[in-house]
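Residue numbers (my numbering), protein chains in the order written: chain P, 5 to 367; chain H, 216 to 475. For every residue, glycine included, the Cβ atom is placed at its ideal position computed from N, Cα and C. Worksheet: the structure to be examined is printed underneath.
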């Protein structure tokens, strides 16, 4: 159909965005965050009971890619590749996953408090992972490791469906009912999980660490098992970043702007849940990452998900690696559960958000 | 030409539109008037596609809108809502760029042309000067103009204005309506729900008077804004005079029984 354009169009040769549209706040933030994450990662890999200096860490890592004369002890390599690297990688993915899925949930539900834990999804994922753990005790290795994120994904998806149904009032999902339903279902899932864990008493140490959010069980199998869940889920969220922006308006306006609202919501919820599952599969309870990082990122680059999602992934990875560094150095040689560290940072921030929520805008 | 063919619609069991037949021609401003609950907004929602009619069809240049996909429909029809949620953390410029959504490819990145169109829309609505300010910092009227700019950035064939200028001061109200008329003269179809009958008289080419979901009359303002139709539409007594300059009808309400 011929669509006449009532606006007279001016000639336009400029290929770049005009000044007013480069409003895009904080252009340099994402490159800087990338750099920061790399630095934190190298420090994280180096610091521990055996200290490996950052430069040496870089050299050892590079030696896997290019030819460098080996002038370091073989034990360093073992520590680096078999112990530290999988752990740091798993933590980075967990942080990135919690923060980016939190961002997506917050945008989707237009609710600044929608963190994977507060809306119950993480607890549901946890329960799924525990059930998978209970079922797969006999299958170690990568296959067994894959069962955990798979179980977490199924558990999380079931939870999100239940919470969504419970929180819905007519056509809307009010902020309070979402959180109330999420917390209630979250408790239920946690209780069920604990009940199942009682039956797994032969794995008591592993279970305890799992519950409190610890990574001493990190292995390459675990890290590799969660990667596809995170990568696929994150890619889908990122592809839908602009529709997610438009959804921030409200559903009617989004529809009038040509967005298939129900489809976008369904796809993004599944993707975000997949990402959450990748975080929770091996980690246990690590709260607040999905709350602190997205809000800090919004302050830096504004509400556009096309910048927000990558930045929160980077920020989440960096934040959790730092928290982990703290967790394993502060009372060395013992380790603090990671969830305790993030809670110390997160709880005050959450209260601050709650108080601010009354008179300020998040989106 | 936008053609409403025997539209009926309901929310649940409550019928809100009953067999409405209306046509808006290219280049015309069609005003929808009537008391609260008359069905003006519902009719707008049927045209914009957010409320599905139970019977009848909306045709734009012979194409049934129900057969158009969502994006094509959003390229054809833009809505300026009465109340709307505009997230405070977006800048006015970003909010206007949202209007380019139906024109962008799947993983939408705005191109120079999109920025140019958004900028034009802002210049026309006197909003460009605060393109970089946050929506949360704008006054109600400024926000409303941003919404109008967003609708223009959609490059629509049909513009739906649902009480779009009700919150604007006189200067900007006049400026927006002058702009709307200018756009209409260039071929845009405008359908506007209006409470302000004097405004309706001055700017609309034709007025459709609705009540209880039914269309009472659709004709030139001088034939609709009469004592008789105002009584039947609104249950009010009114005196009609003529605008001193344009000779369009001017309505003055009078107390019930004053002239009886």
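It is roughly 6 angstroms from the alpha-carbon of residue 294 of chain P to the alpha-carbon of residue 120 of chain P.
Spanning the alpha carbons of residue 194 of chain P and residue 354 of chain H requires a straight line of approximately 47 angstroms. In chain order, 445 and 468 place their CB closer than 7 angstroms to the CB of residue 451 of chain H, counting only its own chain and leaving out the 5 sequence neighbours on each side. Among the residues of chain H, none has a CB under 7 angstroms from the CB of residue 338 of chain P; the nearest is roughly 43 angstroms distant. Residue 456 of chain H: not part of any alpha helix (DSSP H); member of the beta strand (DSSP E) spanning 452–457, first to last residue. Taking 9 angstroms as the cut-off, the beta carbon of residue 156 of chain P is found closer than this to the beta carbon of residue 133 of chain P. Secondary structure of residue 305 of chain H (DSSP, three-state): coil. A Cβ-Cβ distance of about 6 angstroms is found for the pair residue 152 of chain P and residue 286 of chain P, placing them in contact under the 8 angstroms criterion. For residue 218 of chain H, the enclosing beta strand (DSSP E) covers residues 217–226. Between the alpha carbons of residue 221 of chain H and residue 288 of chain H lies a distance of about 20 angstroms.
It is roughly 6 angstroms from the alpha-carbon of residue 345 of chain P to the alpha-carbon of residue 327 of chain P. Looking from the CA of residue 102 of chain P, the closest CA among P:43, P:150 and P:127 belongs to P:127. Only residues of its own chain outside the window of five on either side were considered, and among them 41, 96, 99 and 100 have a CB closer than 7 angstroms to the CB of residue 321 of chain P, listed in chain order. When DSSP assignments are scanned along the segment 295–361 of chain P, the uninterrupted stretches of alpha helix (DSSP H) that are 4 or more residues long and fall wholly within it turn out to be 309–333 and 342–360. Residue 429 of chain H: member of the beta strand (DSSP E) spanning 429–434, first to last residue.
DSSP places residue 362 of chain H in the helix class (H, G or I) of the three-state scheme. The three-state secondary structure of residue 248 of chain H, taken from DSSP, is strand. Rounded to the nearest whole angstrom, the CA to CA distance from residue 325 of chain P to residue 92 of chain P is 7 angstroms.
Interface annotation, residue 201 of chain P: not in contact with chain H, CB-CB separation never under 9 angstroms. For residue 175 of chain P, no beta strand (DSSP E) segment is defined, and its DSSP state is neither H nor E. Nearest Cα to residue 183 of chain P within the set P:173, P:167 and P:176: P:167. Residues of chain P with a Cβ closer than 7 angstroms to the Cβ of residue 407 of chain H do not exist, since the nearest Cβ in that chain sits about 15 angstroms away. At a C-beta separation below 9 angstroms, residue 254 of chain H has no neighbours in chain P, since its nearest C-beta there lies roughly 17 angstroms away. With the rule of 3 Cβ pairs closer than 8 angstroms, the segment 269–285 of chain H does not count as touching the segment 326–337 of chain H.
Within the DSSP secondary-structure output, residue 425 of chain H pairs in a beta bridge with H:430. Contact annotation: the segment 414–425 of chain H does not touch the segment 356–376 of chain H, with fewer than three C-beta pairs closer than 8 angstroms. Distance from residue 108 of chain P to residue 278 of chain P at the Cβ level is roughly 11 angstroms; contact not present, criterion being Cβ atoms closer than 8 angstroms. If you check each beta-carbon in the segment 221–237 of chain H against every beta-carbon of chain P, none falls closer than 9 angstroms. As a beta-bridge residue in DSSP terms, residue 465 of chain H pairs with H:456. When only Cα atoms are considered, residue 351 of chain P and residue 237 of chain P end up about 27 angstroms apart. Among the residues of chain P, those whose CB is under 7 angstroms from the CB of residue 301 of chain H are 253, following chain order.
For the options P:164, P:177, P:273 and P:356, the alpha carbon positioned closest to that of residue 115 of chain P is the one of P:177. Between the C-alpha atoms of residue 459 of chain H and residue 294 of chain H there is a straight-line separation of about 33 angstroms. Each residue's CA atom was taken as its position, placing residue 448 of chain H and residue 303 of chain P some 51 angstroms apart. Taking CB atoms only, residue 298 of chain P has no neighbour in chain H less than 9 angstroms away. For residue 74 of chain P, there is no enclosing beta strand (DSSP E), as DSSP gives it neither H nor E.
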